[in-house]
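Worksheet for the structure shown next.
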């Protein structure tokens with residue numbers, strides 16, 4: 001079973017407009033609302049692909065009621081800890097003409113210490129049946145620095161590997177606590193490590209104790225960096241679509257393979273890149289296209305060769 005934890009869930013609201021113009025009024029058809037946050041997206045994708053999952057998160061306020069109702073209707077197995085603070089909202093506006101997506105994320109409200117303890121209790125209860133723990137998404141402002149190390153340490157003590165997708169100082173905390181895999185994107189890696197070179201940044205996380213870094217490069221694909229190799233996977237041609245949730249699909253692929261006992265970096269990289277690409281073809285986060293097998297066959301996999309940009313004089 002894949003156990004996911006979403007420390008800062010969101011009610012995801014998505015609208016599609018013909019063309020987004022700053023400062024103008026837009027009209028759109030009724031938007032879609034669904035339970036979101038990276039960990040819930042991971043659970044949704046893995047569940048749709050036939051994996052056994054359990055999603056643990058929080059819910060509070062009116063948005064929390066909507067999140068709980070939609071998650072219940074989705075059929076994804078879950079446990080939600082009631083909290084006083086309102087669940088945040090995430091707004092995505094998809095520009096049909098350009099194929100771009102503009103996102104506004106509320107920061108979220110920090111649960112109380114007893115509420116965090118209740119979340120940890122749900123994780124502890126579920127760990128005996130888990131093959132992998134995924135902690136995914138941002139932390140609300142004011143979240144205790146001990147949260148990630150405590151979750152990771154508890155899983156490691158139970159013999160359960162941990163995959164973490166987060167950013168900022170939390171990414172370094174996860175690496176120091178012994179996460180098996182971390183999955184930043186290029187900007188998050190620079191922000192956390194202060195290193196502009198992606199390979200140096202990834203290796204700095206390996207030095208902290210991580211086994212593998214999956215590094216999202218957007219349209220340029222993904223890297224898998226371990227102590228012994230650096231592999232790059234990308235499509236033979238770029239895709240147009242909605243990139244929201246692409247990274248979550250990649251994490252779901254990694255988690256499914258980990259749950260099946262597969263740790264080979266190239267196998268994980270191929271599946272993660274294909275599922276990420278397949279997510280771009282879908283209108284909402286938490287879904288991947290059935291075309292992922294064909295996309296995986298289109299992948300170009302090999303050593304990473306950084307793009308050299310010519311400087312203008």
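Residue numbers (the UniProt record's numbering): 1 to 313.
By construction, the Cβ of each residue, glycine as well, lies at the ideal position given by its N, Cα and C atoms.
The structure displayed is predicted, hence computed values, not measured ones.
Inclusion of residue 205 and residue 198 in the CB contact set at 8 Å is not warranted, their separation being larger than that value. Beta-bridge analysis with DSSP links residue 12 to 34 and 90. Between residue 267 and residue 78, the alpha-carbon positions lie close to 28 Å from each other. Between the beta-carbon of residue 130 and that of residue 1 there is about 5 Å, and that keeps the pair under the 8 Å contact cut.
One thing to note: residue 134 has its Cβ within 8 Å of the Cβ of residue 39. Residue 45 and residue 245 have their C-alpha atoms roughly 10 Å apart. Going by DSSP, residue 179 is part of no alpha helix (DSSP H) at all; its letter is neither H nor E.
DSSP places residue 58 within a strand segment (E or B) once states are collapsed to three. Residue 48 and residue 287 have their alpha carbons spaced roughly 8 Å apart. In the three-state scheme derived from DSSP, where H, G and I count as helix and E and B as strand, residue 44 is classed as helix. Residue 52 and residue 261 have their alpha carbons spaced roughly 14 Å apart.
DSSP, read as helix, strand or coil, puts residue 288 in coil. The DSSP-derived three-state label of residue 123 is helix. Closest by C-alpha distance to residue 100, out of 222, 218 and 233, is 218. Relative to residue 126, the option among 56, 200 and 27 whose CA is nearest is 56.
Selection 92, 153, 105 and 67 evaluated against residue 80 yields 67 as nearest (Cα-Cα). Residue range 147-157 is occupied by the alpha helix (DSSP H) that includes residue 153. Where residue 223 is concerned, the enclosing beta strand (DSSP E) starts and stops at 222-225. Rounded to the nearest whole angstrom, the CA to CA distance from residue 118 to residue 3 is 16 Å.
Note that the region 222-232 touches the region 297-308; at least 3 beta-carbon pairs, one per stretch, sit closer than 8 Å. Three or more Cβ pairs closer than 8 Å define a contact, and the region 104-117 falls short of that threshold against the region 23-36.
Annotation for residue 270: 233, 296, 299 and 301 place their beta carbon closer than 8 Å to its own, counting only its chain and skipping 5 residues before and after.
Using a 10 angstroms sphere on the CB of residue 173, the tally of other CB atoms reaches 16 or more, which defines it as buried.
DSSP places residue 109 outside any beta strand (DSSP E), giving it a letter other than H or E.
Three or more pairs of CB atoms, one per stretch, sit closer than 8 Å, so the region 3-16 contacts the region 89-97.
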